[in-house]
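So the sequences go chain by chain: H and V.
Numbering of the first sequence is given in my numbering, commencing with residue 78 and proceeding in unit increments.
Numbering of the second sequence is given in my numbering, commencing with residue 11 and proceeding in unit increments.
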Amino acid sequence: MSAFVNQLPIGLSIGAVLLLIALGLTFTFGQMGVINMAHGEFIMAGAYTAFLLQNFVLALPAAFLVAGVMGLILERAAIRHFYGRPLDTLLLTWGVSLVLQQLARDLFGAPNVQVPAPSWLSGGVGILPYNRLFIMALAIAGVVAVWLYLNRTGLGRRTQAVVQNRRLAATSGIDTGRVDMLTFFIGSGLAGVAGVALTLIGPVGPTLGTYYIVDAFLVVVAGGLGQLRGAVLAAIGLGLLNSYAEFWSDASLAKVIVFAVLIAFLQIRPQGLFALRSRVLT
Amino acid sequence: MRISRPILSAALVLALAACGSGAKPAAESNEIKVGLLHSLSGTMAISEVTVRDAELLAIDEINKAGGVLGKKLVPVVEDGASDWPTFAEKATKLIRQDKVATVFGGWTSASRKAMLPVFERYKALLWYPVQYEGLESSPYIFYTGATTNQQIIPGLDYLKEEGKKKLFLVGSDYVFPRTANKIIKAYAAANGMEILGEEYTPLGHTEYSTLVNKVMQAKPDAVFNTLNGDSNVAFFKQLKSAGASAETMPVLSVSIAEEEVTGIGVDNIAGQPVAWNYYQTTDTPANEAFVTAYKAKYGQDKVTSDPMEAGYNAVYLWAEAVKKAGTTEVEAVKKAAPGISLDRPEGKVTIDGENQHLYKTARIGVIQPDGLIKEVWNSGEPIKPDPYLKGYAWASGLGTGQ
Numbered sequence: 078m079s080a081f082v083n084q085l086p087i088g089l090s091i092g093a094v095l096l097l098i099a100l101g102l103t104f105t106f107g108q109m110g111v112i113n114m115a116h117g118e119f120i121m122a123g124a125y126t127a128f129l130l131q132n133f134v135l136a137l138p139a140a141f142l143v144a145g146v147m148g149l150i151l152e153r154a155a156i157r158h159f160y161g162r163p164l165d166t167l168l169l170t171w172g173v174s175l176v177l178q179q180l181a182r183d184l185f186g187a188p189n190v191q192v193p194a195p196s197w198l199s200g201g202v203g204i205l206p207y208n209r210l211f212i213m214a215l216a217i218a219g220v221v222a223v224w225l226y227l228n229r230t231g232l233g234r235r236t237q238a239v240v241q242n243r244r245l246a247a248t249s250g251i252d253t254g255r256v257d258m259l260t261f262f263i264g265s266g267l268a269g270v271a272g273v274a275l276t277l278i279g280p281v282g283p284t285l286g287t288y289y290i291v292d293a294f295l296v297v298v299a300g301g302l303g304q305l306r307g308a309v310l311a312a313i314g315l316g317l318l319n320s321y322a323e324f325w326s327d328a329s330l331a332k333v334i335v336f337a338v339l340i341a342f343l344q345i346r347p348q349g350l351f352a353l354r355s356r357v358l359t
Numbered sequence: 011m012r013i014s015r016p017i018l019s020a021a022l023v024l025a026l027a028a029c030g031s032g033a034k035p036a037a038e039s040n041e042i043k044v045g046l047l048h049s050l051s052g053t054m055a056i057s058e059v060t061v062r063d064a065e066l067l068a069i070d071e072i073n074k075a076g077g078v079l080g081k082k083l084v085p086v087v088e089d090g091a092s093d094w095p096t097f098a099e100k101a102t103k104l105i106r107q108d109k110v111a112t113v114f115g116g117w118t119s120a121s122r123k124a125m126l127p128v129f130e131r132y133k134a135l136l137w138y139p140v141q142y143e144g145l146e147s148s149p150y151i152f153y154t155g156a157t158t159n160q161q162i163i164p165g166l167d168y169l170k171e172e173g174k175k176k177l178f179l180v181g182s183d184y185v186f187p188r189t190a191n192k193i194i195k196a197y198a199a200a201n202g203m204e205i206l207g208e209e210y211t212p213l214g215h216t217e218y219s220t221l222v223n224k225v226m227q228a229k230p231d232a233v234f235n236t237l238n239g240d241s242n243v244a245f246f247k248q249l250k251s252a253g254a255s256a257e258t259m260p261v262l263s264v265s266i267a268e269e270e271v272t273g274i275g276v277d278n279i280a281g282q283p284v285a286w287n288y289y290q291t292t293d294t295p296a297n298e299a300f301v302t303a304y305k306a307k308y309g310q311d312k313v314t315s316d317p318m319e320a321g322y323n324a325v326y327l328w329a330e331a332v333k334k335a336g337t338t339e340v341e342a343v344k345k346a347a348p349g350i351s352l353d354r355p356e357g358k359v360t361i362d363g364e365n366q367h368l369y370k371t372a373r374i375g376v377i378q379p380d381g382l383i384k385e386v387w388n389s390g391e392p393i394k395p396d397p398y399l400k401g402y403a404w405a406s407g408l409g410t411g412q
């Protein structure tokens, strides 16, 4: 019975991890409609930033900058030329993701590396270790920051205006190119922050991003594009579903159950499905 | 001359092809080509590159000592790319096109199973250097890693001696852990041990909080871990942060060697036992030479591990068999190989004539705070390989083979 009760906080903490990795995608995919397969590699870049600095706290802002700048370069150099061509963007970013993985392998070697966790994160309360609580707190902080940015700052409002009606926004004097750039910078930067947090619980290696990319897209698709609220609810829902499905069956079957539920859900509420609501940026 | 030139070159190609397909490859030259076929890219590259490096070191050393039959060994390196059909394709290429005398290669059981029909079809030789799930003995494969009765069963003997009666089984979801766990369950039933749980996770799985919760609630005396690859990092990190330590929850692993310890983080795994046949710290004269040579060639920060040593041995064992046979011809080498016994870094190994596996000493080690592994138990003498577990009454019904 107590194991059953334990699964509730575990589900919430899985949800927090999902939310953290998907937060950046709610920007690049949700707001801009760019299917960025290299999002996972920005998470990896964040994790390696923590490895290079060997300082967890310092790595959080540093990883935001590193991954953000990588995203910025990717957007300016490549993705920008592919707006309105989602399939080409998918292939392009998939290629970029492979290049970045191989680059990491050449720079840091194929074996996993170790990022020391800060000592104040060892231990825990009840079933939840401090590092899980920290990830939950970070996810909440991330959501609040994103909400404030989108709704309380001029830049954020401009971003929303561009998303809602690009042409009208442009005629109103908003530099849409600059907004795209900034949106991509923030979205990628958030992936970097997630990468630092993931060093607490998972492996740090060249293929790190591939383990999380699908889950990140699941959250954004299930939550509905560009919906921060949706992403939060979807992450918590998927986390709990994962936790209990695995508790009653096993890890492999839990994945099947999660996908089956999600497919059924999208049949009933297809609004989240990007094929039906692709924001073609012109 | 417009017509005769293509005809001439065609004839030349045919002649060359005819030459090449002769029974004795490279008999005319004073070089012997050998194939090295490991994943140099993709998810398995992390492990297999080091085995290739160890094999290249052995080839270097043999060449420096005068080669084999007065000829130099020339390695032909191919990339299996962590993709099983590619392994079969590259094996065919090495055998048919490069006409190598033998191939050293593979890591995952899936890659070995993909290559097996190729080697049997062309009657060529493969030396496979990794511990595996047993239940196989191809006449064209030599197995230089441990089979189950040289690693898993000694591991269970060790846990039994330590008084661990209740076990929890955790593994990745593929052939090796599932087969290993079948054997563990049969052993437990025969030895009065209890299996409290058996859990599998997909390869590459990183979310272990639910599984850790299940393990902690079941309160086993020990966990038997057959997870593979990156999952080990996530599992040990999350087990540690759930408050488990090597004292309260010993986890015996069969896929974690010196290479993997750094990535998991020594803090997360120090004190935990592992089962292998070789450690970097194994105290033999041959090992001292091996570790020194490996570090000199590839860097002082490098470590040596069991699969690397098994690959390194494979080259020496093949060379010994060729010397004994006086030729690189496959059937003659196969005939010469049984009974060959060498003092290797792990101690004495002998090729078994019946199943082409090796007699190997089993060793249980404990991971030290410096990341190396210290031996705490060994089987005393090399154990006869028994891939079908015929010698164990409790295992009858398991070893049905292929």
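A virtual CB, placed ideally from N, CA and C, is assigned to each residue, including glycine.
Please decide whether residue i counts as near chain H, where near means a Cβ-Cβ distance under 8 Å.
{"i": "Tyr184 (chain V)", "result": "no"}
{"i": "Val261 (chain V)", "result": "no"}
{"i": "Thr211 (chain V)", "result": "yes"}
{"i": "Val59 (chain V)", "result": "yes"}
{"i": "Lys195 (chain V)", "result": "no"}
{"i": "Lys229 (chain V)", "result": "no"}
{"i": "His367 (chain V)", "result": "no"}
{"i": "Lys247 (chain V)", "result": "yes"}
{"i": "Ser251 (chain V)", "result": "yes"}
{"i": "Asp316 (chain V)", "result": "no"}
Along chain C, which residues have their Cβ under 7 Å away from the Cβ of residue i?
{"i": "Asn83 (chain H)", "result": "Within the model displayed, chain C is absent; protein chains H and V are what it includes."}
Only counting the same chain, and skipping five residues up and downstream in sequence, which positions put a Cβ closer than 7 Å to that of residue i?
{"i": "Ala329 (chain V)", "result": "Ile72, Val78"}
{"i": "Asn189 (chain H)", "result": "Pro280, Val281, Gly282"}
{"i": "Ala311 (chain H)", "result": "Val296, Ala299, Gly300"}
Please return the same chain residues whose Cβ sits closer than 6 Å to the Cβ of residue i, not counting the five positions on each side in sequence.
{"i": "Glu118 (chain H)", "result": "Ser174, Leu177, Gly286"}
{"i": "Val128 (chain V)", "result": "Ala98, Ala101, Thr102"}
Is the Cβ of residue i closer than 8 Å to any Cβ of chain V?
{"i": "Ile212 (chain H)", "result": "no"}
{"i": "Ala293 (chain H)", "result": "no"}
{"i": "Asn132 (chain H)", "result": "no"}
{"i": "Thr126 (chain H)", "result": "no"}
{"i": "Ile120 (chain H)", "result": "no"}
{"i": "Gly201 (chain H)", "result": "yes"}
{"i": "Ser249 (chain H)", "result": "no"}
{"i": "Ile217 (chain H)", "result": "no"}
{"i": "Ile112 (chain H)", "result": "no"}
{"i": "Pro195 (chain H)", "result": "no"}
{"i": "Tyr160 (chain H)", "result": "no"}
{"i": "Thr103 (chain H)", "result": "no"}
{"i": "Phe324 (chain H)", "result": "yes"}
{"i": "Ser174 (chain H)", "result": "no"}
{"i": "Ala187 (chain H)", "result": "yes"}
Using 8 Å for Cβ pairs, my map puts residue i next to residue j. What's the rounded Cβ distance?
{"i": "Ser329 (chain H)", "j": "Tyr210 (chain V)", "result": "6 Å"}
{"i": "Ala181 (chain H)", "j": "Tyr125 (chain H)", "result": "6 Å"}
{"i": "Gly321 (chain V)", "j": "Phe114 (chain V)", "result": "6 Å"}
{"i": "Ala187 (chain H)", "j": "Val59 (chain V)", "result": "6 Å"}
{"i": "Ala274 (chain H)", "j": "Asn223 (chain V)", "result": "Not really, about 21 Å apart at Cβ, beyond 8 Å."}
{"i": "Ala115 (chain H)", "j": "Leu151 (chain H)", "result": "7 Å"}
Excluding the 5 residues flanking residue i on each side, which residues of the same chain have their C-beta closer than 8 Å to its C-beta?
{"i": "Ile278 (chain H)", "result": "Val94, Asn208, Arg209, Ile212"}
{"i": "Ser255 (chain V)", "result": "Gly281"}
{"i": "Lys100 (chain V)", "result": "Leu47, Glu88, Asp89, Gly90"}
{"i": "Gly307 (chain H)", "result": "Ala299, Gly300, Gly301, Gly349"}
{"i": "Ala388 (chain V)", "result": "As written in the sequence, residue 388 (chain V) is Asn, which differs from the Ala given in the question. So the list reads Thr371, Ala372, Arg373, Ile374, once near-sequence residues are dropped."}
Inter-stretch contact at 8 Å, needing at least 3 Cβ pairs: the segment 257-266 of chain V / the segment 279-296 of chain V: yes
Complete alpha helix (DSSP H) runs within the segment 318-344 of chain V (minimum length 4 residues, chain order): none
Stretch-stretch touch, CB-based, cutoff 8 Å, three pairs: the segment 210-221 of chain V with the segment 241-249 of chain V: yes
Three or more C-beta pairs below 8 Å linking the segment 379-386 of chain V and the segment 150-164 of chain V: no
Whole alpha helix (DSSP H) elements within the segment 199-261 of chain H, 4-residue minimum: 207-229, 231-241, 243-248
Sufficient close CB pairs (3 or more, under 8 Å) joining the segment 291-308 of chain V to the segment 324-344 of chain V: No, the segment 291-308 of chain V does not touch the segment 324-344 of chain V.
Inter-stretch contact (C-beta, 8 Å, three-pair minimum) for the segment 41-50 of chain V and the segment 95-110 of chain V: yes
Whole alpha helix (DSSP H) elements within the segment 259-305 of chain H, 4-residue minimum: List check, alpha helix (DSSP H) in window: 285-300.
Sufficient close CB pairs (3 or more, under 8 Å) joining the segment 101-109 of chain H to the segment 261-273 of chain H: yes
Contact the segment 311-320 of chain H vs the segment 153-170 of chain H: 3+ CB pairs below 8 Å: The segment 311-320 of chain H, when compared against the segment 153-170 of chain H, does not touch it at the 8 Å Cβ threshold.
Segment contact, 8 Å Cβ cut-off, at least three pairs: the segment 228-237 of chain V with the segment 172-191 of chain V: yes
Runs of alpha helix (DSSP H) wholly within the segment 135-192 of chain H (minimum 4 residues, chain order): 163-185
Stretch-stretch touch, CB-based, cutoff 8 Å, three pairs: the segment 334-348 of chain V with the segment 266-279 of chain V: no
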